[in-house]
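Data block below; observations after.
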Ligand SMILES: Cc1cc2nc3c(=O)[nH]c(=O)nc-3n(C[C@H](O)[C@H](O)[C@H](O)COP(=O)(O)OP(=O)(O)OC[C@H]3O[C@@H](n4cnc5c(N)ncnc54)[C@H](O)[C@@H]3O)c2cc1C
Ligand code: SF4
Ligand code: SF4
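Residue numbers (the numbering used here), protein chains in the order written: chain F, 1 to 629; chain B, 1001 to 1160.
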């Protein structure tokens, strides 16, 4: 293929993917590295890319220390109980102690934050959430990133990280291609911050056909953050912790503002409260430590998100669906009604379109809820991602290897969905993690750790060949058939995606099997993933756009394999409601109060799994929690 | 809710092509107007709808579950810093207008150039501080939170 090669050399900090994490990294990098060369490589256009493309109606992570509302340790306790004990507390504390500064910056930049007229503090939606008019959240942070970066390469899909040939396990940049011109892009860089987002569409979505794009996490979230890191041999953690969300049916409209601010609630088809009915049985699975409704009631300690899913699913399976969100009461108040609609228009327009199309006016009718297919992400109520170093002053030795948010590959940093063990970071926390990673990357370079990097022409040529292979493959075999998309020599990216989704759904606990799996199923799943991997070598891409879909699929495949390996390794059901191991239904603290860590050997594709200690840095403080709530 | 483009309104300017995060708005080679090449990868994020200067792009509910006959239209006004929505139900009974701010400040002026601000000292580099901290954290003289400052200590006991 006669595509041009565009080389960007002498980069200090390369930001791969500029959603919330990447824009935070680019912005902050300029302060600590005023003379450094900062470059962004982004698959879409940074003005509207990533999960926040449509905007958001809330910032879900804000302490409010300034208003005496919360301290970082309170947030750690919250995230810990929500994730059934399993988080990286050092990273969480670190994110939480900086996150307010990011939010205060956003306000200074013009993001409209709502204020409580009585207290003057930001309008709370819940204990951790504040309300915003966030339609232009992404353009605003993009402006900040553009001001800091030397160059922004929009429409460059990064496919691989470059590895240093002078020193093993050190990053040297990245390569990819422009999805419009087809040009081959080489970025030689001393450090790389990967912030390429989580993964939708690795499980068969509830929506099919034309509607397949109507997923909760954006359809362009291709798990590239994981694909790039796994491909480079970085260690990953918590990949079994994929998330299932309770959402408005078909439109996937978020329920946060509805529950928290509009005070709506759910009921079964008979109009009954159903959740509490499931707690005794569930307590037998997870133990009193993680589910004690009395304590939750007294202290306002939340019931973990996954357990609430469990109650919803169990009620539906018992034949008492659909579950309804009771909106008819709240929506009688015109102010709350307006908020209910704005909430969707600012963040999930599709839900508004759906209600308009089906004549569902929540003022007169309680809409249906459902649980979504699983997603793999590290910044919402779940913590998939890379095993990263924490900050010097908080992290125990096992969690600290020098540079904050650096993965186990030298010079390679993560932010947002890319970082494992840091759930409940959301948009503001992802941006904050980008800032932390950028400061550490500058330090890494200033310490001379990136000296002597060598990348051979051979490495660049090999990658180039690999990237365009699907186009060549298509060209060679296309004319063997008359017309159509059925060819014995290749499958196209959509066909590959359908296959991936079907097998993940059926073997790795998707919605189609009520999120249930076991050792046998997972082994079959792995075998089929291997076969798919072989076929991915024979993908056929008709044009550059399809080539992008091909690489998205390959990143999704790597992500999926990690999910299956982790789920297989953790022989317990830690998060009922996210997934179930039918052969190990109980939460087993004796053997599994640990973080799971994996590494895929980039040469052989073999996985090694290990357990890592789960340190509790922040003490329990039920008394204080009760007083603050 | 995939997008579609009205033939008579589109002039092929390409703003939608430039912005779509899913890379699915393309210019048709024959008509030289835009269209959605892959509706099943459209998130109905409305980025293209907002970007089109001629209101040529519209959205209709996914054929999988949405009947015809509704509309959700939008106008985003950068100058005024507002966004206006109009929702029409298919039964014609409900027709709503909603307006929201998108920014409180003019674009392009309020975000500083960090290469022009005075650079960090060595002490700041060695600390846990980020740009403009601690000021931006508490807006008082309380510094950064540490385990000590917050009266915390590492809990004994590592679980394997
Ligand atoms: C519907 C919805 C509602 C939400 N509600 C809230 C809320 O109310 N409050 C809140 O705080 N958070 C909310 N979130 C979560 C928040 O959006 C995410 O936590 C956050 O955006 C994650 O940041 P990130 O940088 O990791 O990923 P993203 O912001 O998704 O950024 C990833 C970036 O990487 C780019 N990219 C991907 N692959 C590649 C590649 N191969 N090469 C180059 N670039 C690539 C993408 O184009 C994108 O720009 C919501 C998310 C969704 C989807
Ligand atoms: S609505 Fe969003 S995803 Fe769909 S075509 Fe427009 S910009 Fe692309
Ligand atoms: S932005 Fe509007 S007018 Fe311009 S190409 Fe797209 S649809 Fe046509």
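All C-beta atoms, glycine included, are put in the ideal place defined by N, C-alpha and C.
Quick one: does the C-beta of residue i sit closer than 7 Å to a heavy atom of ligand 1?
i                      : result
residue 521 of chain F : no
residue 75 of chain F  : no
residue 254 of chain F : yes
residue 305 of chain F : no
residue 60 of chain F  : yes
residue 452 of chain F : no
Say whether chain F places a C-beta atom closer than 8 Å to the C-beta of residue i.
i                       : result
residue 1105 of chain B : yes
residue 1058 of chain B : no
residue 1045 of chain B : yes
residue 1036 of chain B : no
residue 1146 of chain B : yes
residue 1014 of chain B : no
residue 1030 of chain B : no
residue 1053 of chain B : no
residue 1033 of chain B : no
residue 1011 of chain B : no
Along chain B, which residues have their Cβ under 9 Å away from the Cβ of residue i?
i                      : result
residue 31 of chain F  : 1114, 1115, 1117, 1119, 1120, 1130, 1131 and 1132
residue 505 of chain F : What residue 505 of chain F touches in chain B: nothing, since even the nearest Cβ is about 17 Å away.
residue 545 of chain F : 1023, 1024, 1026, 1037 and 1038
Can you list the residues of chain F that residue i reaches, using a CB-CB cut of under 7 Å?
i                       : result
residue 1086 of chain B : Chain F residues near residue 1086 of chain B: none, gap ~10 Å exceeds 7 Å.
residue 1042 of chain B : 213
residue 1083 of chain B : 135
residue 1019 of chain B : 45, 47 and 48
To which residues of the same chain is residue i closer than 7 Å at the C-beta, ignoring the five residues directly before and after it?
i                       : result
residue 19 of chain F   : 49, 50, 51, 52, 195, 197 and 416
residue 58 of chain F   : 125, 129, 130, 131, 132, 256 and 257
residue 548 of chain F  : 157 and 179
residue 392 of chain F  : 400
residue 1017 of chain B : 1025, 1026, 1027 and 1034
Using a threshold of 7 Å, is the CB atom of residue i nearer than that to any non-hydrogen atom of ligand 3?
i                       : result
residue 1028 of chain B : no
residue 1012 of chain B : yes
residue 1056 of chain B : yes
residue 1042 of chain B : no
residue 66 of chain F   : no
residue 1076 of chain B : no
residue 1053 of chain B : yes
residue 44 of chain F   : no
Apart from the five residues on each side of it in sequence, which residues of its chain come closer than 8 Å, Cβ to Cβ, to residue i?
i                       : result
residue 353 of chain F  : 251
residue 627 of chain F  : Because residue 627 of chain F sits at a pLDDT of 44, beneath the cut-off of 50, its placement in the model cannot be relied upon, and the following sentence gives the value as read from the coordinates. Same-chain partners within the cutoff: there are none.
residue 615 of chain F  : 89, 90, 396, 398 and 399
residue 1089 of chain B : 1070 and 1095
Ignore the nearest five residues each way along the sequence and tell me which others in residue i's own chain have a CB closer than 6 Å to its CB.
i                      : result
residue 654 of chain F : Here chain F covers residues 1 to 629 and nothing more, so residue 654 of chain F does not appear.
residue 164 of chain F : 170, 172 and 453
Mind pulling the chain F residues with CB within less than 8 Å of residue i?
i                       : result
residue 1004 of chain B : The premise fails here: residue 1004 of chain B is roughly 11 Å from chain F at the closest Cβ pair, so nothing lies under 8 Å.
residue 1096 of chain B : 341
residue 1073 of chain B : Simply none; closest approach about 11 Å.
Is there at least one non-hydrogen atom of ligand 2 closer than 7 Å to the beta-carbon of residue i?
i                       : result
residue 1047 of chain B : yes
residue 1021 of chain B : yes
residue 1003 of chain B : yes
Measuring alpha carbon to alpha carbon, tell me which of the options ends up nearest residue i.
i                       : options                           : result
residue 228 of chain F  : F:575, F:478 and F:414            : F:414
residue 512 of chain F  : F:518, F:504 and F:519            : F:504
residue 1204 of chain B : B:1052, B:1060, B:1076 and B:1077 : With chain B represented from 1001 up to 1160, any question about residue 1204 of chain B goes unanswered, as that position is not in the structure.
residue 476 of chain F  : F:605, F:221, F:542 and F:609     : F:542
residue 226 of chain F  : F:238, F:215 and F:216            : F:238
residue 450 of chain F  : F:409, F:567 and F:464            : F:409
residue 185 of chain F  : F:192, F:191, F:193 and F:175     : F:175
residue 1115 of chain B : B:1124, B:1131 and B:1122         : B:1131
residue 1102 of chain B : B:1085, B:1123, B:1124 and B:1144 : B:1085
Of all Cβ atoms in chain B, is any one closer than 8 Å to the Cβ of residue i?
i                      : result
residue 626 of chain F : Low local confidence applies: a pLDDT of 45 at residue 626 of chain F is under 50, so the model's placement there is unreliable, with the coordinate-based value given in what follows. With 8 Å as the cut-off, residue 626 of chain F does not count as an interface residue toward chain B.
residue 72 of chain F  : yes
residue 129 of chain F : no
residue 208 of chain F : yes
residue 3 of chain F   : no
residue 599 of chain F : no
residue 574 of chain F : no
residue 124 of chain F : no
For residue i, which residues in chain F fall below 9 Å Cβ to Cβ?
i                       : result
residue 1143 of chain B : Chain F residues near residue 1143 of chain B: none, gap ~10 Å exceeds 9 Å.
residue 1064 of chain B : 207, 208, 209, 210, 211, 212, 214 and 250
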